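*Asks:* Below: one structure in structure tokens.
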Amino acid sequence: MPDAPLLTVEHLGVSYGHVRAVESVSFAVQAGEAVAILGANGAGKSSVVRAIAGVVRASGVITLNGQRIDGLPSHRRAALGLGYVPEGRRVFADMTVRENLQMGAYLHPRTVTAGLDLVFTTFPRLAERQRQFAATLSGGEQQMLAIGRALMRSPTLLILDEPSLGLSPLLVQVIYRALLDIRRRGTTLLLAEQSAHVALGLSDCAYVLETGCVVLQGGAGSLRNDPRIEAAYLGGMEVAGQ
């Protein structure tokens with residue numbers, strides 16, 4: 600009998616006032632997997648991951664490791680092992696890199712030393728810049744910092760909203776190689792991405808959204824060669840080493 604999924608999402612719906620952004624989306628993520636939520640701008644993919652993280656209100660059922668979390672505030676979800684990297688990084692600009700990372704461990708203050716070691720191993724550039732204010736970092740370095748902050752909690756599931764947004768192709772490669780290392784160490788990944796080819800280079804499977812509904816799903820290998828993906832999301836790059 601197969602193991603139960605780490606994350607299950609059933610009939611998820613998200614509305615902003617009278618606008619329905621997500622309509623009855625369902626999927627599951629197995630432990631150790633990397634799963635991508637794909638779609639063009641406005642398709643609803645960010646609303647899906649924000650709802651799972653508890654950042655926006657949603658209808659439906661969400662379970663993490665067998666426990667319902669859809670009624671819990673975001674900090675309770677984080678305490679249960681969910682890490683979230685928001686779109687646009689949202690680092691604390693007037694705090695140093697090290698202080699930003701320490702904020703990421705506020706739920707587990709005894710793990711700060713181990714967390715810093717993990718983050719600095721994953722992103723050596725942050726170790727070099729740990730005394731700098733976050734506002735002085737480049738966009739790519741701020742994305743590293745946002746991911747590192749989420750890693751400080753040792754999440755079981757790491758959710759990333761548009762991790763490649765606004766980054767140069769070179770920095771996208773750096774970020775995705777780091778995500779590959781994070782996954783190899785046992786962290787399950789769920790990412791919302793507009794750049795399909797980049798995300799599919801890392802993921803096991805993907806769900807494609809249009810106007811808040813899943814219109815296509817399957818293994819990453821088959822979707823990478825699907826002409827519908829090619830037509831809708833042409834562009835991007837392969838992740839080096841895949």
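In the numbering used here, the protein residues as written are 600 to 841. We put the CB at the ideal spot given by N, CA and C, even for glycine. Quantities reported herein were computed from a predicted structural model and do not represent experimental measurements.
Look at the alpha carbon of residue 781 and the alpha carbon of residue 721, and state the distance between them as a whole number of angstroms.
*Replies:* Sequence index remark: in the sequence shown, residue 781 carries index 182 (1-based). Sequence index remark: in the sequence shown, residue 721 carries index 122 (1-based). About 8 Å.
*Asks:* Since residue 627 sits in a beta bridge, which residues does DSSP pair it with?
*Replies:* Within the sequence shown, numbered from 1, the residue matching residue 627 stands at position 28. For residue 627, which the question treats as bridged, DSSP gives the partners 607.
*Asks:* What residue ranges within the region 633-698 form continuous beta strand (DSSP E) runs of no fewer than 3 residues, ordered along the chain?
*Replies:* For the region 633-698, whole beta strand (DSSP E) runs of length 3 or above, ordered along the chain, are 633-637, 658-663 and 681-684.
*Asks:* Buried or exposed for residue 814, please, with buried defined as at least 16 other CB atoms from any protein chain shown within 10 angstroms of its CB.
*Replies:* Residue numbering aside, residue 814 sits at position 215 when the sequence shown is read from its first letter. Result: exposed.
*Asks:* Can you find at least 3 beta carbon pairs, one from the region 632-641 and one from the region 802-810, that sit closer than 8 Å?
*Replies:* Contact between the region 632-641 and the region 802-810 is present, because at least three Cβ pairs lie under 8 Å.
*Asks:* Among 621, 694 and 759, whose alpha-carbon lies nearest the alpha-carbon of residue 683?
*Replies:* What you label residue 683 is simply residue 84 of the sequence shown in a count that begins at 1. Nearest C-alpha to residue 683: 759.
*Asks:* Return the first residue and the last residue of the alpha helix (DSSP H) that residue 720 is part of.
*Replies:* Within the sequence shown, the letter at position 121 stands for residue 720. Per DSSP, residue 720 belongs to the alpha helix (DSSP H) from 711-721.
*Asks:* If you follow the beta strand (DSSP E) that residue 800 is in, where does it begin and where does it stop?
*Replies:* In the sequence shown, the residue the question calls residue 800 occupies position 201. Neither: residue 800 is in no beta strand (DSSP E) and is coded neither H nor E.
*Asks:* When you compare only the Cα positions, how much space is there between residue 614 and residue 633?
*Replies:* Taking the sequence shown and counting its residues from 1, one reaches residue 614 at position 15. Taking the sequence shown and counting its residues from 1, one reaches residue 633 at position 34. Spanning the two alpha carbons is a distance of roughly 27 Å.
*Asks:* Would you say residue 789 and residue 606 are within 9 Å of each other, going by their C-beta atoms?
*Replies:* Position 190 of the sequence shown, counting from 1, holds the residue named residue 789. Position 7 of the sequence shown, counting from 1, holds the residue named residue 606. Taking 9 Å as the Cβ cut-off, residue 789 and residue 606 qualify as a contacting pair.
*Asks:* Touching or not, the region 711-725 and the region 742-753, by the rule of three or more beta carbon pairs under 8 Å?
*Replies:* Cβ pair count under 8 Å is three or more, so yes.
*Asks:* What first and last residue would you give for the alpha helix (DSSP H) that runs through residue 749?
*Replies:* Numbered from its first residue, the sequence shown carries residue 749 at position 150. Counting along the chain, the alpha helix (DSSP H) containing residue 749 begins and ends at 738-750.
*Asks:* Measuring CB atoms only, is the region 767-780 touching the region 683-699, in the sense that at least three cross pairs come out at less than 8 Å?
*Replies:* Contact between the region 767-780 and the region 683-699 is absent, because fewer than three Cβ pairs lie under 8 Å.
*Asks:* Can you tell me whether DSSP reads residue 793 as helix, strand or coil?
*Replies:* Walking along the sequence shown from the start, residue 793 turns up at place 194. If DSSP states are grouped into helix, strand and coil, residue 793 belongs with coil.
*Asks:* Is it buried or exposed for residue 769, if we count other Cβ within 10 angstroms and need 16 for buried?
*Replies:* Within the sequence shown, the letter at position 170 stands for residue 769. It is exposed - the Cβ of residue 769 has fewer than 16 other Cβ atoms within 10 Å.
*Asks:* Taking the C-alpha atoms as reference points, what is the distance between residue 828 and residue 795?
*Replies:* Within the sequence shown, residue 828 is the residue found at index 229, counting from 1. Within the sequence shown, residue 795 is the residue found at index 196, counting from 1. Each residue's alpha carbon lies about 8 Å from the other.
*Asks:* Have a look at 734, 666 and 616 and flag the residue whose alpha-carbon is nearest the alpha-carbon of residue 688.
*Replies:* As a first step, residue 688 must be located in the sequence shown, where it is residue number 89. When only C-alpha atoms are compared, the closest one is 734.
*Asks:* What three-state label does DSSP hand residue 760 in the structure shown?
*Replies:* Taking the sequence shown and counting its residues from 1, one reaches residue 760 at position 161. Note: residue 760 maps to strand in three-state DSSP.
*Asks:* Assuming contact is defined by CB atoms lying nearer than 9 Å, are residue 799 and residue 823 in contact in what I supplied?
*Replies:* For this step, residue 799 is matched to residue 200 along the sequence shown. For this step, residue 823 is matched to residue 224 along the sequence shown. Yes, the pair counts as a contact, with Cβ atoms nearer than the cut-off.
*Asks:* How far does the alpha helix (DSSP H) with residue 772 in it reach, from first residue to last?
*Replies:* The residue you call residue 772 lines up with position 173 of the sequence shown. Residue 772 -> alpha helix (DSSP H) spans 768-783.
*Asks:* Quick check on the burial criterion: 16 or more other C-beta atoms within 10 angstroms. Buried or exposed for residue 821?
*Replies:* Position 222 of the sequence shown holds residue 821. Answer is exposed; the Cβ neighbour count stays below 16.
*Asks:* Going by DSSP, which residues form a beta bridge with residue 805?
*Replies:* As a first step, residue 805 is located in the sequence shown; it is residue number 206 there, counting from the start. DSSP output for residue 805 lists 635 and 817 as bridge partner(s).
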